[in-house]
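Under the numbering used here, the first residue of the sequence shown carries the number 18, and numbering increases by one thereafter.
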Amino acid sequence: MLFTAPFVKLSLINLSLSHFLNTQEARQRGDSSSSSLIFKTSMAGTGIFTDILDGDVYKYYSDGEWKTSSSGKSVAIINPATRKTQYKVQACTQEEVNKVMEMAKSAQKSWAKTPLWKRAELLHKAAAILKDNKAPIAESLVKEIAKPAKDSVTEVVRSGDLISYCAEEGVRILGEGKFLLSDSFPGNERTKYCLTSKIPLGVVLAIPPFNYPVNLAVSKIAPALIAGNSLVLKPPTQGAVSCLHMVHCFHLAGFPKGLISCITGKGSEIGDFLTMHPAVNCISFTGGDTGISISKKAGMIPLQMELGGKDACIVLEDADLDLVASNIIKGGFSYSGQRCTAVKVVLVIKSVADELVEKVKAKVAKLTVGPPEENCDITAVVSESSANFIEGLVMDAKDKGATFCQEYKREGNLIWPLLLDNVRPDMRIAWEEPFGPVLPVLRINSVEEGINHCNASNFGLQGCVFTKDINKAILISDAMETGTVQINSAPARGPDHFPFQGLKDSGIGSQGVTNSINLMTKLKTTVINLPTPSYSMG
Ligand code: NAP
């Protein structure tokens, strides 16, 4: 007898995810009979997560409690693969936002007085709870953003690791300050001792995007909390349920009431009210062009903006084309191209273009297309409007004469992987971010042409260059106007402690654990003034 009553109701799809997770876990433990682990895996909204659900609508989190909004309204989360309502979340009101901000302001005051090691201890606890409950969180990711099951589990585990790393890094860097002496500046005697330390900003508003809702939420939450800030999270609508489960892990870890809140509702409806709220002292946002308008409206507060990208992959004639082809597949088509750092345009020197395109075509043919539960490489894109946008870019390229390496195929939100060769700069896809499994190839005559194309973009997130000549690679990296350049590998945001930043319309500030902690603090100095100069040992 494998299943007890609550599990009998589960769909086969849920079971296959559960089985996948249990088998993974069993493998890691070297246990060949994985069935015994099935009972450990609760599903979304069940087990320790029952408190976060009211009927069929997920609650929002305020003042350390799970609550139903007084609006009486909910927002539907559409499963991208089935195009049916999968979950519902509360449509929070402005009054509820005001209340959360009030609590966040007062909870922050005592949190800032909590010893650093205690803050770190709670973060480690939350990380452990999160990792222990990866199954229901991964299940929500599969259902609300159609992320392949295996990648969904990876996202949750990586998020737990990020929280722990952040706790450790915070203890180190926030435990240090500077000591300055006045006599190093001309005209001064040693009469002033200056002590510097890092202090929290206050209330941090975190807004992550749909594609990594859990990871990009904790990449804001953990640095904010370790630095002594309080945190208000507005999750993306697609991804909200995964985020609510993740927030419950923080709740179970025992963080003080009001320190963390999670407000749900459509960004288009409550976004402006949140981002322009006078109680907010810092906004950490990841997403698309919305970030540009938030930057224009936000007050005089620090902003961390991680926005879109059009990451170029420049391929020189001496590149290892097999390596390039695998990186184009990984970089361009992982999670169906819905990654900020996806390879979004290939700029290949003409003499090797035919060979490269053939190699990539062969690999595209092997990509599996279908449900995220079955770990297909290509799954439905997040929404119908996103699929329509991608199709618009494809049709524009078709009308203007791009070469289709595969037949264009779409069923609902599912778009088959497509490589477009002989793309020219007058086509929209040469510049716009499809955020889907469609990749343009531009054949270039020279490296300079590739660099010019890359630098003419309004984006400047990442880029990559493939060559065996490290000297050329460095020169090209220096010439590319992007926050990061990868040499001989596809662009990537991780590991999560590396600095990560975009130039131009790709963002403001830098992420990565250390940079995020620094961005969410301010320097405070205390100067000790001595009546007479004092030189040590003098
Ligand atoms: P998006 O449409 O800009 O949404 C991002 C977040 O903003 C969501 O939580 C959304 O909530 C919220 N939002 C919408 N309108 C708002 C408003 N007026 N005020 C405040 N918040 C508002 O982006 P997305 O479609 O989720 O994500 C895809 C984009 O993110 C791509 O452009 C991608 O390149 C970028 N991205 C960048 C990075 C990076 O680190 N550079 C990483 C990942 C993704 P709702 O869901 O409720 O609308």
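No residue lacks a Cβ here, since even glycine has one placed at the ideal position from N, Cα and C.
Query raised in the report: Roughly how far, in whole angstroms, is the beta-carbon of cysteine 211 from the beta-carbon of valine 464, given that I think they are within contact range, below 8 Å?
Result: The Cβ separation is near 49 Å, so there is no contact.
Query raised in the report: tryptophan 557 and valine 362: beta carbons closer than 9 Å?
Result: Since the first residue shown for the chain is 18 and the last is 555, residue 557 is missing from the structure and cannot be characterised.
Requested in this report: Go to glutamine 111, then tell me how far its alpha helix (DSSP H) extends in each direction, as first and last residue.
Outcome: 111-128
Report task. Could you work out which residue in Ala145, Ala163, Leu197 and Lys521 is closest to valine 174 when comparing CA atoms only? Result -> Ala145
Requested in this report: Per DSSP, which residues does leucine 435 bridge with? Please list them.
Outcome: Val455
Query raised in the report: Taking 8 Å as the line, does the beta carbon of phenylalanine 406 fall inside it for any heavy atom of the ligand NAP?
Result: no
Query raised in the report: Touch check for the region 151-165 and the region 98-112: three-plus C-beta pairs under 8 Å?
Result: yes
Report task. With a threshold of 16 other CB atoms inside 10 Å of the CB of arginine 510, please say whether the residue is buried or exposed. Result -> buried
Query raised in the report: Hey, which unbroken runs of the alpha helix (DSSP H) at 4 residues or more fall wholly within the region 324-359?
Result: 338-350
Query raised in the report: Of the choices Ile216, Thr208, Gly245 and Pro252, whose alpha-carbon is the least far from that of alanine 225?
Result: The amino acid at residue 225 is misidentified as alanine; the sequence shows proline. Looking at the Cα atoms, Pro252 is the closest of the given residues.
Query - Complete runs of the alpha helix (DSSP H) confined to the region 273-327 [at least 4 residues] - result: 284-292 and 307-314
Query raised in the report: In whole angstroms, what is the alpha-carbon distance linking valine 458 and cysteine 109?
Result: 44 Å
Query raised in the report: DSSP on aspartate 168, reduced to helix/strand/coil?
Result: helix
Query raised in the report: Hey, quick one: how far does the alpha helix (DSSP H) through serine 247 stretch, first residue to last?
Result: Not the alpha helix (DSSP H): serine 247 falls in the beta strand (DSSP E), residues 247-250.
Query raised in the report: valine 374: beta carbon under 8 Å from a heavy atom of the ligand NAP?
Result: no
Report task. Report the residue from Glu372, Ile395, Glu391 and Thr67 whose alpha carbon sits nearest the alpha carbon of lysine 383. Result -> Ile395
Query raised in the report: In terms of residues, what are the limits of the beta strand (DSSP E) holding glutamate 82?
Result: 82-84
Query raised in the report: Any heavy atom of the ligand NAP closer than 8 Å to the CB of glutamate 323?
Result: yes
Query raised in the report: Is phenylalanine 227 helix, strand or coil by DSSP?
Result: coil
Query raised in the report: Does the ligand NAP have a heavy atom nearer than 8 Å to the CB of arginine 189?
Result: no
Query raised in the report: Cβ of asparagine 228 within 8 Å of any heavy atom in the ligand NAP?
Result: yes
Query raised in the report: Counting pairs of Cβ atoms below 8 Å between the region 254-263 and the region 294-313, do you hit three or more?
Result: no
Query raised in the report: Quick one: is tryptophan 128 buried, meaning 16 or more other Cβ sit within 10 Å of its Cβ, or exposed?
Result: buried
Query - For tyrosine 182, the three-state DSSP class (helix, strand or coil) - result: helix
**Report entry** For leucine 218 and lysine 539, believed in contact at Cβ under 8 Å, the rounded distance
**Finding:** 6 Å
**Report entry** phenylalanine 202 beta carbon near the ligand NAP (any heavy atom closer than 8 Å)
**Finding:** no
Requested in this report: Return the CA-CA distance between threonine 208 and phenylalanine 196, expressed in angstroms with no decimal places.
Outcome: 13 Å
Report task. Give a yes or no on whether the C-beta atoms belonging to lysine 164 and proline 389 are separated by under 9 Å. Result -> yes
Query raised in the report: Would the beta-carbon of lysine 485 fall within 9 Å of that of aspartate 335?
Result: yes
Requested in this report: With DSSP collapsed to three states, give me the class of leucine 478.
Outcome: coil
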